[in-house]
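Its first residue numbered 14, the sequence shown is counted upward by one per residue in our numbering. The structure appears below as structure tokens.
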Amino acid sequence: MSDITTLAELLELVRTRIEAGLHDRDAAARLPVLATRDAEGWPSARSMVLRDFDPGEWTLDIHSDADAAKVLQLTDAPRAAIQFWDAEVALQVRMRAHVVRLPHEEEKALWEEVPDDARARYGAVPPPGTPIAAHDAWHPNPRPARFAVLRARVLRVEALHLGETHRRARFEREEGWQGSWLVP
Ligand SMILES: Cc1cc2nc3c(=O)[nH]c(=O)nc-3n(C[C@H](O)[C@H](O)[C@H](O)COP(=O)(O)O)c2cc1C
Numbered sequence: 014m015s016d017i018t019t020l021a022e023l024l025e026l027v028r029t030r031i032e033a034g035l036h037d038r039d040a041a042a043r044l045p046v047l048a049t050r051d052a053e054g055w056p057s058a059r060s061m062v063l064r065d066f067d068p069g070e071w072t073l074d075i076h077s078d079a080d081a082a083k084v085l086q087l088t089d090a091p092r093a094a095i096q097f098w099d100a101e102v103a104l105q106v107r108m109r110a111h112v113v114r115l116p117h118e119e120e121k122a123l124w125e126e127v128p129d130d131a132r133a134r135y136g137a138v139p140p141p142g143t144p145i146a147a148h149d150a151w152h153p154n155p156r157p158a159r160f161a162v163l164r165a166r167v168l169r170v171e172a173l174h175l176g177e178t179h180r181r182a183r184f185e186r187e188e189g190w191q192g193s194w195l196v197p
């Protein structure tokens with residue numbers, strides 16, 4: 014890929030690579046890492062499937078069991094980091110986001126679109142992360158009440174492009190995404 018010389022070009026690259034994550038199973042942004050903070054203040058990071066992206070609003074959607082630790086952590090403190098490394102275009106994307114659940118009615122409508130075989134992910138008994146006496150001492154009990162749609166409203170994007178020359182920049186929602194260069 015040719016060298017990136019403008020902030021607009023770099024932000025556009027980020028946007029198109031996140032979009033690729035929605036449509037291309039092999040694109041890196043299909044599986045971003047979402048980092049939260051646990052009750053003791055430790056960072057807690059996990060891979061998630063990107064389910065939706067609004068490039069105008071800069072919002073990303075992910076789906077989770079509503080009783081999973083991440084949902085409870087985000088209910089307490091809706092701050093998260095989202096990161097992916099896109100080797101195809103030599104781009105690291107780090108984002109800061111405010112993450113909240115969608116209103117119940119919207120979650121219920123989206124639940125209707127979840128294929129039957131995928132519904133089993135939402136409603137484990139006991140809830141995800143519970144210690145169990147044997148590997149199979151749990152069962153799925155899929156139900157819409159346990160389907161959480163988390164919407165991440167991106168506040169900051171930091172991009173590192175490892176091109177011929179390394180380029181690093183930060184873009185802030187508050188500043189209208191105009192961006193500024195950083196030392197790589
Ligand atoms: C490839 C991959 C994709 C995953 N996608 C999701 C997902 O879309 N939603 C989800 O809740 N967990 C997903 N997980 C599981 C999470 O990484 C994590 O183990 C789980 O959500 C429990 O995290 P928590 O206890 O911190 O909430 C995925 C894991 C892998 C390895």
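The beta-carbon is built from N, C-alpha and C at its ideal position, and this holds for glycine as well.
Assuming contact is defined by CB atoms lying nearer than 8 Å, are residue i and residue j in contact in what I supplied?
i	j	result
VAL27	VAL106	yes
THR72	ARG166	yes
ASP51	PRO141	no
PHE184	GLY192	yes
ALA172	LEU104	yes
ILE17	LEU23	yes
ALA41	ALA100	yes
VAL113	PRO91	yes
ARG180	VAL196	no
Looking at the unbroken beta strand (DSSP E) that takes in residue i, where does it start and where does it end?
i	result
HIS148	Counting along the chain, HIS148 falls outside any beta strand (DSSP E), and DSSP gives it neither H nor E.
ILE75	72-78
ASP65	65-67
TRP124	Where TRP124 is concerned, there is no enclosing beta strand (DSSP E), although the alpha helix (DSSP H) it sits in stretches over 117-124.
ALA199	For the chain, the structure presents residues 14 to 197; residue 199 sits outside this window and is missing.
ALA23	One detail in the question is off: residue 23 reads as Leu in this sequence, not Ala. Element bounds for LEU23: not the beta strand (DSSP E) but the alpha helix (DSSP H), 20-36.
SER15	Per DSSP, SER15 belongs to no beta strand (DSSP E) and is neither H nor E.
Alpha carbons only, please: which of the options is nearest the one belonging to residue i?
i	options	result
VAL46	LEU123, PRO56 and ASP37	PRO56
ARG30	VAL84, ASP67 and HIS152	ASP67
PRO155	PHE97, ARG181 and ARG134	ARG134
SER60	ASP39, VAL196 and ILE75	ILE75
What residue does the alpha helix (DSSP H) around residue i start on, and which one ends it?
i	result
VAL84	82-89
ALA158	Segment: none, ALA158 is in no alpha helix (DSSP H) and carries neither H nor E.
ALA131	129-132
Name the one or two DSSP bridge partners that residue i has.
i	result
MET108	ILE95 and VAL170
SER57	THR49
Comparing the C-beta of residue i with each C-beta of chain C, is any distance below 8 Å?
i	result
VAL170	No chain C appears in the structure shown, which is made up of a single protein chain.
task = Count the CB pairs spanning the stretch 145-163 and the stretch 80-91 that are closer than 8 Å, and state whether there are at least three.
result = Segments in contact, yes.
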